[in-house]
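Notes to accompany the following structure.
2 protein chains.
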Amino acid sequence: MYIVIMKADDLHHLIWMSRPLMQAAEACVEAGLDGTGLTVRMRAVLEILHRHGAQTVPDIAGRLEINRQYVQVMCNEVLASGFVEQRENPRHKRSPLLALTDRGRDLFQETLSRDLMLLDEIGAALPAEDVSKALGVVLAVTSLLKKTAGERQ
Amino acid sequence: MYIVIMKADDLHHLIWMSRPLMQAAEACVEAGLDGTGLTVRMRAVLEILHRHGAQTVPDIAGRLEINRQYVQVMCNEVLASGFVEQRENPRHKRSPLLALTDRGRDLFQETLSRDLMLLDEIGAALPAEDVSKALGVVLAVTSLLKKTAGERQ
DNA sequence: GTCAAATTGACATGTATATTGTCATCATGA
DNA sequence: TCATGATGACAATATACATGTCAATTTGAC
């Protein structure tokens, strides 16, 4: 009985820590972007292009799970910044591929490596096994919550 | 080396799961609030009052870590809803205490118990120890990220 | 090859969730 | 009593989306 109560309590706390965690992470990324001319949402586009290579705007929207029109705005911003350029798309003449420019790639790799260093620092304080278990729990909880939200409707 | 890479990767994933987790949790709460006349942010106020007893608006803002002016708006909503009422504050004549009305208490307890049932259900699929460790990791990561964001500025 | 249907980019509008700033009023405590 | 601070109200701004529409063009089925 006691254990059950404790668990629900921890679970409750875990779930409601998601917002502070997200805010802290975003603040951290934002602070790391200071001076680069990038915003967090521009960085998101660069990350997709870095990880998955050249993509069209609708492709990026799909990966970000954000609607096409808003991602279009984000992409226009990175295009204007010069960190991304349009390339001809052999598969669709009116929908160019967006690709990182050399400047964009350099910049993103720089911020990425700084972020990875930070992750290593943070990770140093935590047992690898705990991190991996935490990820498992969070993934499971998220998927169960999603399912429940659907059912509750 | 391999382990370090794995850990940073898991950590990265864990951190960026915070948004989907939060969204899933909010969607779930919202679905559970359907028909009660409450919104998620109104519920947040009720939860504070339920857990900590009667509070002033600035007190609630402090606990929610949201700025005073916005919490004022949230509180005005719950006051209008009739689930919360103003009481005289012996410590400050211009700043009344907000307290749950009987209706508010009943309603909140009902939604709370439904949510606790859900938590138990979700918890049933997870070892208590893992949940507790996950919470520990998330708390640690959040606090380290907050610290870093501050330093990076 | 033709033509209907789908895709794309652009733009306008709406909404939720905040933050920031200002101001008058009033309470508190030195 | 009087400076200081707390409170509530209001306005402006920002961010992060969703939705809807439209023209141009592309694709694919026939």
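First to last, the sequence lines map onto chains A and B.
Counting with our numbering, you get residues 192 to 344 for the letters of the first sequence.
Counting with our numbering, you get residues 192 to 344 for the letters of the second sequence.
Glycine is no exception: its CB is placed at the ideal position from the N, C-alpha and C atoms.
Residue i in three-state terms, based on DSSP
i	result
ARG282/A	coil
ALA290/A	strand
Buried versus exposed call for residue i [16 or more other C-beta atoms within 10 Å across all chains shown]
i	result
ALA315/B	exposed
MET308/A	exposed
ASP297/B	exposed
SER286/B	exposed
GLN300/B	exposed
ARG234/A	buried
SER209/B	buried
GLY223/B	buried
SER304/B	exposed
VAL275/B	buried
LYS338/B	exposed
LYS284/B	exposed
ASP306/B	buried
ALA215/A	buried
Start and end residues, alpha helix (DSSP H) containing residue i
i	result
PRO249/B	248–255
ASN267/B	259–272
LEU330/A	319–343
GLY223/B	209–223
ALA235/B	231–243
heavy atom of the ligand MN below 7 Å from residue i C-beta
i	result
GLN214/A	This structure lacks the ligand MN, and indeed carries no ligand of any kind.
Spatial neighbours of residue i in its chain, beta-carbon cut-off 6 Å, leaving aside the 5 residues before and after
i	result
MET265/B	ARG232, VAL236
Cutoff 7 Å; reference residue i; Cβ partners in own chain excluding five residues on either side
i	result
GLY273/A	THR292, ARG294
ARG278/B	ALA245, PRO287, LEU288, ALA290
GLU221/B	VAL231
LEU255/A	ALA235, ILE239, VAL262
Nonlocal neighbours in the same chain, by C-beta distance under 8 Å from residue i, ignoring five residues either side
i	result
GLU217/B	VAL231
VAL332/A	LEU202, LEU205, ILE206
VAL248/A	ARG259, VAL262, GLN263, CYS266, SER286, LEU289
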